[in-house]
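Mapped onto my numbering, the consecutive letters of the sequence shown carry residue numbers 3 to 551.
Okay, structure first, notes after.
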Amino acid sequence: MLAFGFSSGLPFALLIGTLNAWLGEVGVNLATIGVLSWIGLAYAFKFLWSPMVDRLPLPLLDRLGRRKSWIVLCQSLLILGFGGLAMTNPAADIGTFALFAVLAALASATQDIAVDAWRIDVADEQTSVELLSSIYQFGYRTASIVGGAIALVMAARMSWSLVYLIMAALVVLLIFVTLTAPDTKRPAVGELHAGLNEKGALNARARAVALAIVGLSWLWAIVSIVRFMASMLGEAAPGVPRPSVADFTKNIGPWIIFATVFVPLIVAATVNWLRSRGRAVLDAPESRSSPARTAMNHLYVALVAPLVELTGRLGWAVLITIGFILTYTLCYNIWSSFAFPFYLDFLHYSKDEVAFASKIFGIIMTILGISLGGYLFIRIGRLPTILLGAILPVFGNFIYADLALGGANLDMVSHALALDRLLGLVGFDQRMVRLLVAICYENISTGLAGAAFVAYLSGIVSKRFTAVQYSLLSSLTFLIGSLGRGIAGEAFDTYGYALVFQWTAAAGLFAVLFVLLEWLRVSAVRRREADLAPSVDDAGKAGAAEPAA
């Protein structure tokens, strides 16, 4: 499990953060870096092909085991992807470079699916899932340091190409570890599928129509993004200007959000409407089965059923929930891919300085923020902590805006708190103090916000659909942030870092608004339950039906 955690964390660190340091160093403009950061959408969209990974046996490799076969395939593709990146000059051939980055991102996201499934499967047979999850996180965090801090330190002493070749060699070693891991037998279709064949459930034809609408909406969105990336990163014809990221985000971006968020919500609401009126439902339990129907049911459970349950339980309030999920991490996720270019190319810190400040000190501060979030849940409650997690990162963006303008306010604060003198004792000058103070606040606040967000999602999902519903809802957080990175990169090039940091801080106010609306919704539900409950027992049952508080 330690090796699997390392294998999952290493490509994420190398592709989502460190890669941008390489691109910035060789002079790739920020708009292009922003578009290339859309490879992170592979992690958002991975639930779309998770049914295939769960059920499809791989020719030749399947004898290794149903999970290990996919993990070995993905690790092999990661070696190819990292090797291809190492052999390509991004300044001269960004299109080919992007293809290898996309390949590595898809392999990494798919590996995550198989590793998560392996952890759950093996825990049933050998040890607790909590222990395996803890070991996985340790391996993942270790890989974040290797793919972040250590990679930067190495890049200060050798070429980026050699760094990525060494990382590919690490994955080769991980394949040998994977081959020694235990595996599990292929289980029968889960109980979620059985519910689709009960009396009153939507019939197969209606399920197929619902699945087709949702699937085609997602497919159109993905194709639109891929086509734009290809036109932006590919070789342009002589005299033909490259397309504008701002125009794409402004004209197509809202339709992508509509296709991937609101179309599925409308379909889910329609399914609930049909079932409530007894239309297009089964009059009796159905026992018919076939490989095609099983595949359709698997996709339906992954793509449609989670939102059907959520809209049925929350009603119109689901719009508040979706708004919350889309905006909660927006103000810092939208620019996180540009952190290394900001530190290295704009502020001119060295790779060693950034490696320590961002990937060692920063990770410690993130862990501190997560721990603080857990403490506040106990002391002040979930919703107050969630509200605090929405507010604090907004001020973090203003701190980064000040850092971009020279850090006068940061200097004043660090001097007032004696941080400059304290850090000076261990050899840090005022320039480094500014960076450490900014990263300290940013990582503590976003660590707290991340803990609050996970707690919210864990509370809003249904126990019946925990895994698929959590996966689907959490993927939405990547969507709007990733789309925004394209226009953020172009804005950084055009308007400068300071102004864009201020704009993204303002975007964080939408998250605060949705948290307040959610607080009002939960309070109204609690009052209604208290008014309707004739006894303490009935009140307890009503409270259990609303897990989002």
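Just so it is clear, CB atoms sit at the ideal spot from N, CA and C, and this is done for glycine as well.
Keep in mind that this is a model prediction, so the values were computed, not measured.
Sheet register partners of residue i (DSSP bridge)
{"i": "VAL283", "result": "LEU204"}
Alpha carbon of residue i to alpha carbon of residue j, nearest angstrom
{"i": "PHE99", "j": "ALA223", "result": "23 Å"}
{"i": "PRO59", "j": "ALA116", "result": "12 Å"}
{"i": "SER163", "j": "ALA151", "result": "16 Å"}
{"i": "LEU501", "j": "GLU531", "result": "47 Å"}
{"i": "VAL273", "j": "ARG244", "result": "43 Å"}
{"i": "ILE18", "j": "VAL173", "result": "17 Å"}
{"i": "PHE340", "j": "ALA158", "result": "19 Å"}
{"i": "PHE260", "j": "VAL269", "result": "12 Å"}
{"i": "GLY317", "j": "TRP275", "result": "11 Å"}
{"i": "TYR231", "j": "ASN91", "result": "Looking at the sequence provided, one finds Met at residue 231 rather than Tyr. Approximately 18 Å between the Cα atoms of the pair."}
{"i": "SER525", "j": "LEU385", "result": "10 Å"}
{"i": "GLY42", "j": "PRO287", "result": "42 Å"}
{"i": "ASN299", "j": "TRP120", "result": "22 Å"}
{"i": "GLU127", "j": "LEU66", "result": "Low confidence applies here, because GLU127 scores a pLDDT of 49, under 50, leaving its location unreliable and the question unanswered by this model."}
{"i": "LEU267", "j": "VAL310", "result": "8 Å"}
{"i": "LEU82", "j": "GLY376", "result": "40 Å"}
{"i": "ASN411", "j": "LEU167", "result": "42 Å"}
{"i": "SER292", "j": "ARG279", "result": "28 Å"}
Option in the options with minimal Cα separation from residue i
{"i": "ALA248", "options": "ALA107, PRO343, GLY486, GLU444", "result": "GLY486"}
{"i": "GLU200", "options": "GLY383, ARG433, LEU390, ASP285", "result": "ASP285"}
{"i": "THR313", "options": "VAL263, GLY67, ILE137, ALA392", "result": "VAL263"}
{"i": "SER9", "options": "ILE177, ARG69, GLY97, ALA119", "result": "ILE177"}
{"i": "VAL306", "options": "LEU16, SER226, ALA212", "result": "ALA212"}
{"i": "ALA282", "options": "GLY325, ALA508, SER473, LEU198", "result": "LEU198"}
{"i": "SER52", "options": "LEU474, SER291, LEU374, LEU4", "result": "LEU474"}
{"i": "VAL124", "options": "LYS252, THR180, SER146, PRO184", "result": "PRO184"}
{"i": "GLY85", "options": "ILE73, LEU16, ILE41, LEU38", "result": "LEU16"}
{"i": "ARG57", "options": "MET169, VAL165, GLY97, THR296", "result": "THR296"}
{"i": "ILE365", "options": "ASN445, ALA392, ASP114", "result": "ASN445"}
{"i": "PHE516", "options": "TYR458, LYS361, LEU82, ASN22", "result": "TYR458"}
{"i": "ASP354", "options": "ARG529, LEU522, ILE147, ALA304", "result": "ILE147"}
{"i": "PRO256", "options": "ILE35, LEU301, SER226", "result": "SER226"}
{"i": "SER460", "options": "ALA493, ILE388, TYR497", "result": "ILE388"}
{"i": "ALA106", "options": "THR180, ALA392, SER464, MET169", "result": "MET169"}
Residue i (DSSP reduced to helix, strand or coil)
{"i": "PRO243", "result": "coil"}
{"i": "SER431", "result": "The sequence as given places Asp at residue 431; Ser does not occur at that position. Coil."}
{"i": "TYR334", "result": "helix"}
{"i": "ARG351", "result": "It is worth fixing the name first, because residue 351 is Tyr in this sequence and not Arg. Note: TYR351 maps to coil in three-state DSSP."}
{"i": "GLU237", "result": "coil"}
{"i": "TRP318", "result": "helix"}
{"i": "MET89", "result": "coil"}
{"i": "MET54", "result": "helix"}
{"i": "ARG65", "result": "helix"}
{"i": "MET1", "result": "No answer is possible for residue 1: the residues shown for the chain start at 3 and end at 551."}
{"i": "LEU60", "result": "coil"}
{"i": "GLU288", "result": "coil"}
{"i": "ALA551", "result": "Bear in mind that a pLDDT of 39 at ALA551, under 50, signals an unreliable position, so the number given afterwards is only what the model happens to contain. Note: ALA551 maps to coil in three-state DSSP."}
{"i": "VAL228", "result": "helix"}
{"i": "SER464", "result": "coil"}
{"i": "PRO386", "result": "helix"}
{"i": "PRO184", "result": "coil"}
{"i": "ASP95", "result": "coil"}
{"i": "GLU127", "result": "Its pLDDT being 49, under 50, GLU127 is placed unreliably by the model, and nothing is read from it."}
{"i": "MET367", "result": "helix"}
{"i": "GLY426", "result": "helix"}
{"i": "ALA420", "result": "coil"}
{"i": "GLY36", "result": "helix"}
{"i": "GLY217", "result": "helix"}
Same chain, Cβ closer than 7 Å to residue i, five either side skipped, listed in chain order
{"i": "PRO395", "result": "CYS333, TYR334, SER447, THR448, ALA451, GLY510"}
{"i": "PHE14", "result": "SER110"}
{"i": "TYR443", "result": "GLY398, ILE401"}
{"i": "VAL265", "result": "ILE215, VAL216, SER219"}
{"i": "PHE363", "result": "LEU438, ILE441"}
{"i": "LEU407", "result": "ALA500"}
{"i": "VAL165", "result": "ALA153, MET156, ALA157"}
{"i": "ASP413", "result": "GLN432, ARG436"}
{"i": "GLY97", "result": "LEU235, GLY236, GLU237"}
{"i": "PHE344", "result": "TYR499"}
{"i": "ALA304", "result": "PHE49, SER52, PRO53, VAL470"}
Other residues of its chain near residue i: CB distance less than 6 Å, five sequence neighbours each side excluded
{"i": "LEU534", "result": "none"}
{"i": "ALA357", "result": "ALA151, LEU154, VAL155"}
{"i": "GLY7", "result": "TYR138, GLY141, TYR142"}
{"i": "ASP347", "result": "GLY26"}
{"i": "ALA171", "result": "none"}
{"i": "TYR330", "result": "PHE455, ALA513"}
{"i": "GLY202", "result": "VAL283"}
Cut-off 8 Å between Cβ atoms - residues of its own chain near residue i, not counting five sequence neighbours on either side
{"i": "ARG403", "result": "What sits at residue 403 in the sequence shown is Ala, not Arg. TYR499, ALA500, LEU501, PHE503, GLN504, ALA507, listed in sequence order."}
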